[in-house]
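Residue numbers (this note's numbering), protein chains in the order written: chain A, 10 to 341; chain B, 10 to 341.
Every residue, glycine too, gets a C-beta built ideally from N, C-alpha and C.
It should be emphasised that the depicted structure is a prediction, and the values quoted were computed from it without experimental measurement.
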């Protein structure tokens, strides 16, 4: 699974494997998308063999065949070792030490590059997107949960095992709400799509947030992030207050990561990027408010991702084009 | 201020500038300390010129003279730009955009390498200490506050501006006690020497922690970390409970940093390292308890620093020996 530095295949296939769908793209040598296709992710017991079939079929349908003119990269939602083994993936059924790269390579031939989906999205924005050419950047995916990836000193930070970038489970309040991971107050309890819905349900308790609750059919427990978004877009002050609280939680984590990593640019991606018009200003306001010694430093840029929902697939396609140094293939 | 990769001067001087003392060492080509000296850090208004005098005098006393046979590195407690300018240092009086490297170089000749003290300590442990040869490591200094430094992909992570590693001001409870930095619940409110004292004072409120309060002269407000340490060493169960709570807060931050960075090794240094016999086991216990998906990964090693109080000075001495890639001199 070594990258050939400098080689630019004519057709770079990338697949972003999500819990619901696998989204594939073929990227041409100029960085433009020349094909795109989505298939359902098989679920349930014994879904690993069908999942391999889907990924092999999608690769072939997008024009992959082993050889120097093609490359294949896959982004997966979980802990991926540096050797391309998917250790665990909460949103894929039955995954444990799944040698996804090797198994697809056996079927299709050629090297298959596998990395975490957040890292893939970071690569897309770093190489061809909102953080192009930036040597120190962080990407956060705000979806059902929070994922991410980062670049430091012009190289992807994958960590010792390949597990770096699990920003969503940084605890920001040890007395906060329980997280499925077993702890309390993980950042993604607040600053994700589920977090937005929780903040809205809290605001709806005690007869608040009436417009949003009405949109949700009258049941405060049925309130979802989309209801808050559409009411906020129409100027509902209670919905805007929930957006502001959500933005404060997002900014708190960004501020924590800035203390640790001092990035030049922070990119926000994931499903919530479709509400960037609502979220960007309050996130920036709170970020500037919460940042440590904000008056003594150039403020890092905070932007939404350019590739939107395609970032993971595009970044997976770009994995084979990274040099060994950029990919940080130096460690075990 | 460029490093000459591979050159090993016969006498490498390093100075760790603290709020109370400036500690200097001279390191020989074999990595052994050949001289060591400490002087008081000047305080008060107009202390910058006297501070320069102290650092110049200390360098000369340790045998520094400009030339290829000598080198000089300085670690400072604050935000240092990549160009060696000390932007701010809460524990040094009157510092704002202090061009410490250039000013000392004007007096002594030669290149002067300046970096954050936490980064220096990380370099000492990475190059000649408890994390020797480890490509992905984090060092945390547990002192009055919390500082740190880190290495990823075999290079120091300094961030875009040089401000990376400010782990102490990562917020771990937004409703926590106020921090002098203006926010609430920063990690160093709990997991530093001041944090240990605060946890002890909380435990003493309502007539608890009697043995420790007695040692502190009967005043719960006078309880300091040292009182807890000595009572815990003698087996006082209430003091041991405070140590356990302290260890949990330390571990919470280590777990957060592991999620972000996936290090192979975490080194604990700073003043609290002299209580490593008390703290290490409970910190490891809580770290394993709090770590995300601990059963799916090799647990990072958690160790105390080998260089103890000398780490900052030794690391400063080693700064000029880092290659440009190791020092991450690639960015602006």
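Considered as a whole, the segment 272-340 of chain B harbours 274-278, 310-313 as its complete beta strand (DSSP E) runs of no fewer than 3 residues, in chain order.
For residue 80 of chain A, same chain residues with a beta-carbon under 6 Å away, outside a window of 5 residues either side, are 18, 21, 329 in chain order.
For residue 283 of chain A, the closest of A:257, A:316, A:303 by C-alpha to C-alpha distance is A:316. No Cβ of chain A is located within less than 8 Å of the beta carbon of residue 107 of chain B. Flagged as an interface residue toward chain A: residue 269 of chain B, by a C-beta distance shorter than 8 Å. When DSSP states are grouped into helix, strand and coil, residue 48 of chain A belongs to the strand group. Per DSSP, reduced to three states, the secondary structure at residue 252 of chain B is helical. The beta-carbon distance between residue 163 of chain B and residue 182 of chain B, rounded to whole angstroms, is 34 Å. This is too long to meet the 8 Å contact definition.
Only those residues of the segment 155-180 of chain B whose C-beta falls short of 9 Å from the nearest C-beta of chain A are listed: 157, 159, 161, 162, 163, 164, 165, 166, 167, 168, 169, 170, 171, 172, 173, 174, 175, 176, 177, 178, 179, 180. Contact check between the segment 264-273 of chain B and the segment 219-234 of chain B: fewer than three CB pairs, one atom from each, fall below 8 Å, which does not count as touching. Between the segment 156-174 of chain B and the segment 150-166 of chain A there are three or more C-beta pairs closer than 8 Å, enough to call the two in contact.
C-alpha of residue 302 of chain A to C-alpha of residue 293 of chain A: approximately 15 Å in a straight line. Cβ contact annotation for residue 67 of chain B (same chain, cutoff 8 Å, sequence separation greater than five): 24, 31, 33, 46, 48, in chain order. Chain order gives the chain A residues near residue 261 of chain B as 180, 183, where near means a beta carbon separation below 7 Å. Taking residue 140 of chain A as the centre and dropping the five residues before and after it, the same chain places the C-beta of 134, 146, 274, 276 closer than 7 Å to its C-beta, in chain order.
Close CB contacts of residue 258 of chain B within its chain, under the 6 Å cut and outside five residues either way in sequence, are with 199, 200 (chain order). For residue 221 of chain B, the uninterrupted alpha helix (DSSP H) segment begins and ends at 219-224. For the options A:210, A:312, A:180, the alpha carbon positioned closest to that of residue 261 of chain A is the one of A:180. For residue 193 of chain A against residue 185 of chain A, the beta-carbon gap comes to about 5 Å, under 8 Å, which counts as contact. Check the Cα spacing between residue 176 of chain A and each of A:189, A:157, A:166: the tightest is with A:157.
Of the candidates A:318, A:91, A:84, A:255, A:318 places its Cα closest to the Cα of residue 278 of chain A. The beta carbon of residue 91 of chain B sits no closer than 8 Å to any beta carbon of chain A.
Checking the DSSP bridge columns, you'll see residue 207 of chain B has no partner listed.
Contact check for residue 272 of chain A against residue 168 of chain B passes: the beta carbons are separated by less than 8 Å. Cβ atoms of residue 118 of chain B and residue 75 of chain B come within 8 Å of each other, at about 3 Å.
The Cβ neighbour count for residue 150 of chain B, taken over all protein chains shown within 10 Å, is at least 16; the residue is labelled buried. Note that the C-beta distance between residue 42 of chain A and residue 325 of chain A is not below 8 Å. For residue 116 of chain B, the number of other beta carbons within 10 angstroms of its own is below 16, and it is reported as exposed.
Contact between residue 220 of chain B and residue 248 of chain B holds: their C-beta atoms lie close to 7 Å from each other, under 8 Å. Separation of residue 295 of chain B and residue 254 of chain B (C-alpha to C-alpha, rounded to the nearest whole angstrom) is 9 Å.
Around the beta carbon of residue 101 of chain A, a 10 Å sphere encloses 16 or more other beta carbons of the protein chains shown; the residue is thus reported as buried. Chain-ordered, the chain A residues with CB closer than 7 Å to the CB of residue 97 of chain B read 302, 305. The DSSP assignment places complete beta strand (DSSP E) segments of no fewer than 3 residues inside the segment 113-174 of chain A at 121-125, 146-151, 155-161, in order along the chain. The beta carbon of residue 71 of chain A does not come within 8 Å of any beta carbon belonging to chain B, so the residue lies off that interface.
Contact residues of the segment 272-294 of chain B toward chain A are 272, 273, 274 (C-beta to C-beta distance below 9 Å).
Judged by DSSP secondary structure, residue 62 of chain A falls outside any beta strand (DSSP E) and instead within the alpha helix (DSSP H) spanning 57-70.
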